[in-house]
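Protein chains in written order, with the numbering used here: chain A, 1 to 563; chain B, 564 to 1126. Cβ coordinates follow ideal geometry from the N, Cα and C atoms, glycine included. Keep in mind that this is a model prediction, so the values were computed, not measured.
There are 2 protein chains.
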Amino acid sequence: MSEKVIIIGGSAAGPKTAAKVRRLSEDADITIIEKGKFLSMASCGYPYFVGGVFDNRNMLLCTPTGVLRDPTFYMNAKAIKAETETEVVAINRAEKTVSCKRTNGEEFVLSYDKLMISTGSIPRMPFKEGLELDGVTTLQSISDAEYLRKIRDEKKIRKAVIIGGGLIGIETAEALRLAGIEITIVEMADQVLPYLDWELAAHVEKHLKTKGVNVFTGMKVEKLIGENGVITAVKLGNGTEIPCELAVVAIGVLPNRELAEKAGLEIGAAGGIKVNSFLQTSDPDIYAAGDCIEINHIITQKQTYSPMGDLANLQGRIAAENMINGPEVKFSGTIQTAICRIFEYSAGATGCNEKAARAAGYDVETVIITGPDKPGFMNGLLLISKMVVDRKTGRLIGFQCTGPGDVSKQVAQAALAIKGGLTINDLRDLDLPYAPPFSLAVDNFIACAHAMENKLLGRMKGISAREVRKMKCDNTSKPFILDVRGPDEFEAMRLGIGEVLIPLGALRKRINELPADKNHEIITFCKISLRGYEAALILVSAGYTNVKVLEGGIMAWPFDREK
Amino acid sequence: MSEKVIIIGGSAAGPKTAAKVRRLSEDADITIIEKGKFLSMASCGYPYFVGGVFDNRNMLLCTPTGVLRDPTFYMNAKAIKAETETEVVAINRAEKTVSCKRTNGEEFVLSYDKLMISTGSIPRMPFKEGLELDGVTTLQSISDAEYLRKIRDEKKIRKAVIIGGGLIGIETAEALRLAGIEITIVEMADQVLPYLDWELAAHVEKHLKTKGVNVFTGMKVEKLIGENGVITAVKLGNGTEIPCELAVVAIGVLPNRELAEKAGLEIGAAGGIKVNSFLQTSDPDIYAAGDCIEINHIITQKQTYSPMGDLANLQGRIAAENMINGPEVKFSGTIQTAICRIFEYSAGATGCNEKAARAAGYDVETVIITGPDKPGFMNGLLLISKMVVDRKTGRLIGFQCTGPGDVSKQVAQAALAIKGGLTINDLRDLDLPYAPPFSLAVDNFIACAHAMENKLLGRMKGISAREVRKMKCDNTSKPFILDVRGPDEFEAMRLGIGEVLIPLGALRKRINELPADKNHEIITFCKISLRGYEAALILVSAGYTNVKVLEGGIMAWPFDREK
Chain A
1 MSEKVIIIGG SAAGPKTAAK VRRLSEDADI TIIEKGKFLS MASCGYPYFV GGVFDNRNML
61 LCTPTGVLRD PTFYMNAKAI KAETETEVVA INRAEKTVSC KRTNGEEFVL SYDKLMISTG
121 SIPRMPFKEG LELDGVTTLQ SISDAEYLRK IRDEKKIRKA VIIGGGLIGI ETAEALRLAG
181 IEITIVEMAD QVLPYLDWEL AAHVEKHLKT KGVNVFTGMK VEKLIGENGV ITAVKLGNGT
241 EIPCELAVVA IGVLPNRELA EKAGLEIGAA GGIKVNSFLQ TSDPDIYAAG DCIEINHIIT
301 QKQTYSPMGD LANLQGRIAA ENMINGPEVK FSGTIQTAIC RIFEYSAGAT GCNEKAARAA
361 GYDVETVIIT GPDKPGFMNG LLLISKMVVD RKTGRLIGFQ CTGPGDVSKQ VAQAALAIKG
421 GLTINDLRDL DLPYAPPFSL AVDNFIACAH AMENKLLGRM KGISAREVRK MKCDNTSKPF
481 ILDVRGPDEF EAMRLGIGEV LIPLGALRKR INELPADKNH EIITFCKISL RGYEAALILV
541 SAGYTNVKVL EGGIMAWPFD REK
Chain B
564 MSEKVIIIGG SAAGPKTAAK VRRLSEDADI TIIEKGKFLS MASCGYPYFV GGVFDNRNML
624 LCTPTGVLRD PTFYMNAKAI KAETETEVVA INRAEKTVSC KRTNGEEFVL SYDKLMISTG
684 SIPRMPFKEG LELDGVTTLQ SISDAEYLRK IRDEKKIRKA VIIGGGLIGI ETAEALRLAG
744 IEITIVEMAD QVLPYLDWEL AAHVEKHLKT KGVNVFTGMK VEKLIGENGV ITAVKLGNGT
804 EIPCELAVVA IGVLPNRELA EKAGLEIGAA GGIKVNSFLQ TSDPDIYAAG DCIEINHIIT
864 QKQTYSPMGD LANLQGRIAA ENMINGPEVK FSGTIQTAIC RIFEYSAGAT GCNEKAARAA
924 GYDVETVIIT GPDKPGFMNG LLLISKMVVD RKTGRLIGFQ CTGPGDVSKQ VAQAALAIKG
984 GLTINDLRDL DLPYAPPFSL AVDNFIACAH AMENKLLGRM KGISAREVRK MKCDNTSKPF
1044 ILDVRGPDEF EAMRLGIGEV LIPLGALRKR INELPADKNH EIITFCKISL RGYEAALILV
1104 SAGYTNVKVL EGGIMAWPFD REK
């Protein structure tokens, strides 16, 4: 007897479920029902279509060999029915049917043995006034992408405001900025990219600014202002009006759970459809996957909303397995891995950042390091990394990285390390793929573990750029700030916060130039704070009791520097 | 009382040990003794200096900020004595001294509390005749690198033979080929890059050939032939003479263990100096690290010779820790991770390849997949990957990858997965950093785990390109070979081994065109064998009992194809 499988939603999790069900059962009767016109949209690619990385919109909708993934494709290649422009208006759990309505008004009912809800997400909209104006959009659909791409190509619009400095906001800012549009990002939090801690986000913000993008953090948008139905400005919470001809609302998404709620399915603590580890909803014949569900956070074991395209695909595959042969395959959850390109920078994170880890009750140690991804002679590019470790177990629970270097590999390594439950002892002698075109002999990730080990063992006391800056601004303490680089380096670039230069090579002889009081607070640094660390060890050995290393050195300093 | 630490060898492990000892003890009396002129040579960078990636040789000898790592640097920055052009001629364990001899003939004796032997490796030389000729070199030292760089710059030499198709051989071939020199690689084994299995090495060989490099595998070199003391040809075992003006011998290295042997220290089964997990030799006050030792293989638990620059550094750090505070920190061993750039390709591996795993007694399952590293619309580049899993535990024990795509990240992910002891169940829903500029929604590594899962569960039976080719050459069986791509794809490129084209979308209707005998062997494929797999499932469902998928599809076919 052939299993009837109905799948609501044709973007990522849905088609993946359908394809996998077919692979598991040549007999299953499979139907995808999609509200919109398109199927299997590569929605993470929208910003790159908008930005002109490619011109053929259909690349977002095609198989790798260029076949459009339309209902005909699904029927021919996979014997899957796909009903587009058709909405499921109700799930009737008692009868195990779904009530459907086509755009043309036609209504029909289909019965199911197993049902998948993969209805995705809806954009968050924090305010209401002005959202109806022309020139206001999100970047959530193919038609949004086409709208913004047209703006790019027409080159008429000169000023745009991106509301929201998260992943989509930043990607959209990049795409439109590359088209020559003047961009302002307005973000309510005190930083962009909330998956990073402030110290790393500050570098992203700095890079955005060097690319001509204005960034306002800690700033709420009050409303959108228009004339004759067309946007003219974004009004901020402090009264400022930013003139613009385009506003993109990108403050994140919410699970599209309405249909599930109406059907009486349980909603979880994080606001998504609640599923068990087999991805079953509170009705065991109804599965859910993708951006409409909440999932387990592998580290904190808390329910988490993590709407990511890669997870949607992986969930679809597991749900299909459970529908046909299960339920027995568990989805293990998320560690909230994320990455984003920002012009020449990338910024990624996995696990808990420091904020999240502390909020979850962990006693953490953190360290920031900087360094090139490859040797200087191979034109290595900068990486700025932050590691978060649970002091109790020594386990890696979070890692973030940004800079122009190969961030993606660093974050991928960390994601696997977290998955394997690795501790700092495990990371300190990793056998990684080393050759000069790819990494340093001691890869950045291992170097980060070494610095972390030094901190955990009490050999290094660190202080962040933000803390040093605050200290200087507040004028609360008067640390002796010691730059141990060479005179040439000092000449070329310096912090300009009253630091004293004593090159490391001269420090042992010139130690008498330091404060006589051995309890005076001393902060050491160099370019990346390796020499800074060596200097600190010399000072500690000389009896200084309060020596801290500026973590990551000058390269991790996100504030203005003297040149 | 200050600890006297003497370090023999100033390349990688030695200076790392010295620097770490200093960080652990400001009091220690540290001396590095180096036979050659230079210290802390980035020897893995030699091929890139030869190839002209950078012009200043001193970049191989400098700190990242451009300070030459000479004895003055070590003394000033680290308070470490460094004696260059000085050889340790004997270790006198009873007195705890070393007898030293300078190049100028001067002799002296130093006493130690702790000794580090980091004497590195010596080149393997498989034959003797002709090695003395002008135009014969290795690429093992700065002077070798300078010699080859001069050849590159002078543009006089037109033909060179590289003896050995391993990592250094390939890197040297690339460097000299980029200088316009006609290159022939001669390799005794039946493939290049022994850390790969044949199927992947064949792709590297193919790429070398497209770059104009001649490759002879399965071929021994008998001797070098010269006239007037200058090389004129390399004579192969089969009698062929390859004319050349330059021969680079790069058939690998051996541990430089002579000094240790003379001192009565134990030598291990793999030919290197034997050390325990604290990196102590058979004399607990004498440590050894780097290319002169053998180490534990984490997977097979066998003693292994793994002369890699990254491991040398990590070992140096651990040995220093044990000298000063231990012994208590263990070096965990190697998984023999390696990577190499070959023109536009990279090729890397970690863990055991299939050969090694089977030799070590594992019952393994393997799978080969192909696919782009990023979406097509982001100009994704090909990756060809092979995974090796221990059937008993389901654990990943090996992974290899080659192609123009981001190989380094794939191998790094696998290295971490192996370190974490992850199984296929752990890998199938990894939360990796996904965004279109960095990877596919289902990353290649996860896709490989999915294919492996399908094989382990018996859902997919695979066959390698090599087996199919052998089948056709031997004419032992007459499988029905089914290409399920589209007609356009078939038109553009095909295997040309008598395959029949039935596009996947038509297969269900045209199944009657297949052999009537349901036990007939059928081999399915497409571009990357995802559609090939779906086709196989359709056929199995239709009652065919002997259906195999050509793993990796056309993209994994390393032999000639019809265009």
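Alpha carbon of residue i to alpha carbon of residue j, nearest angstrom
{"i": "V892(B)", "j": "A417(A)", "result": "20 Å"}
{"i": "M75(A)", "j": "G36(A)", "result": "18 Å"}
{"i": "I299(A)", "j": "L990(B)", "result": "17 Å"}
{"i": "G498(A)", "j": "G218(A)", "result": "29 Å"}
{"i": "E321(A)", "j": "K262(A)", "result": "26 Å"}
{"i": "A516(A)", "j": "A542(A)", "result": "11 Å"}
{"i": "V21(A)", "j": "Q140(A)", "result": "27 Å"}
{"i": "K719(B)", "j": "A77(A)", "result": "58 Å"}
{"i": "G835(B)", "j": "G572(B)", "result": "16 Å"}
{"i": "T649(B)", "j": "L828(B)", "result": "22 Å"}
{"i": "G743(B)", "j": "A810(B)", "result": "15 Å"}
{"i": "I502(A)", "j": "V468(A)", "result": "19 Å"}
Reduced DSSP category for residue i - H, G, I as helix; E, B as strand; rest coil
{"i": "N1075(B)", "result": "helix"}
{"i": "H297(A)", "result": "strand"}
{"i": "R1094(B)", "result": "helix"}
{"i": "P433(A)", "result": "coil"}
{"i": "T956(B)", "result": "coil"}
{"i": "R102(A)", "result": "strand"}
{"i": "P967(B)", "result": "coil"}
{"i": "L265(A)", "result": "coil"}
{"i": "C1036(B)", "result": "helix"}
{"i": "V192(A)", "result": "coil"}
{"i": "E884(B)", "result": "helix"}
{"i": "E1062(B)", "result": "coil"}
{"i": "S1104(B)", "result": "helix"}
{"i": "D1123(B)", "result": "coil"}
{"i": "K419(A)", "result": "helix"}
Span of the alpha helix (DSSP H) around residue i
{"i": "V584(B)", "result": "A576 to L587"}
{"i": "R149(A)", "result": "I142 to E154"}
{"i": "Y611(B)", "result": "Y609 to V613"}
{"i": "T1087(B)", "result": "Unbroken run through T1087(B) is the beta strand (DSSP E), I1085 to F1088; no alpha helix (DSSP H)."}
{"i": "V204(A)", "result": "W198 to T210"}
{"i": "E1052(B)", "result": "P1050 to A1055"}
{"i": "R904(B)", "result": "Unbroken run through R904(B) is the beta strand (DSSP E), A901 to I905; no alpha helix (DSSP H)."}
Cβ-Cβ separation, residue j to residue i (assumed contact under 8 Å), whole Å
{"i": "L993(B)", "j": "V970(B)", "result": "With a Cβ gap of about 18 Å, L993(B) and V970(B) do not count as contacting."}
{"i": "I858(B)", "j": "G896(B)", "result": "5 Å"}
{"i": "K211(A)", "j": "F343(A)", "result": "5 Å"}
{"i": "I185(A)", "j": "G169(A)", "result": "6 Å"}
{"i": "L985(B)", "j": "L1020(B)", "result": "Actually they are not in contact, since the Cβ atoms of L985(B) and L1020(B) sit about 18 Å apart, beyond 8 Å."}
{"i": "A875(B)", "j": "G911(B)", "result": "At roughly 19 Å, the Cβ-Cβ gap does not stay under 8 Å, so A875(B) and G911(B) are not in contact."}
Where the beta strand (DSSP E) containing residue i begins and where it ends
{"i": "I794(B)", "result": "V793 to L799"}
{"i": "D989(B)", "result": "Where D989(B) is concerned, there is no enclosing beta strand (DSSP E), although the alpha helix (DSSP H) it sits in stretches over I987 to L990."}
Name, going along the chain, the residues of the segment 375-397 of chain A whose beta-carbon falls closer than 7 Å to a beta-carbon of chain B.
Going along the segment 375-397 of chain A in chain order, one finds P375, G376, F377 and M378 with a Cβ nearer than 7 Å to chain B.
Proximal residues, the segment 150-169 of chain A versus chain B, C-beta separation under 9 Å
Residues passing the 9 Å Cβ filter: L167.
If the cut-off is 9 Å on Cβ atoms, which residues from the segment 310-322 of chain A count as contacting chain B, listed in chain order?
Correct list: D310, L311, A312, N313, L314, Q315, R317 and I318.
Residues of the segment 965-982 of chain B with a CB closer than 7 Å to any CB of chain A: list them in chain order, please.
Residues passing the 7 Å Cβ filter: S971, K972, V974, A975, Q976, A978, L979, A980 and K982.
Check each residue of the segment 635-648 of chain B: if its Cβ is closer than 9 Å to any Cβ of chain A, include it; give the result in chain order.
Taking 9 Å as the upper bound on Cβ-Cβ separation, chain A lies near residues T635, F636, M638, N639, A640, K641 and A642 of the segment 635-648 of chain B.
Would you list, in chain order, the members of the segment 456-477 of chain A that have their beta-carbon closer than 9 Å to a beta-carbon of chain B?
Against chain B - using a Cβ distance shorter than 9 Å - the residues of the segment 456-477 of chain A are R459.
Residues of the segment 422-456 of chain A with Cβ closer than 9 Å to any Cβ of chain B, in chain order:
Of all residues in the segment 422-456 of chain A, the ones placed with a Cβ closer than 9 Å to any Cβ belonging to chain B are L422, N425, D426, L427, R428, D429, L430, D431, L432, P433, Y434, A435, P436, P437, F438, S439, L440, A441, V442, D443, F445, I446, H450 and N454, in chain order.
What are the residues of the segment 35-48 of chain A that lie near chain B, defined by any Cβ-Cβ distance shorter than 9 Å?
Of all residues in the segment 35-48 of chain A, only A42, C44, G45, P47 and Y48 place a beta-carbon less than 9 Å from a beta-carbon of chain B.
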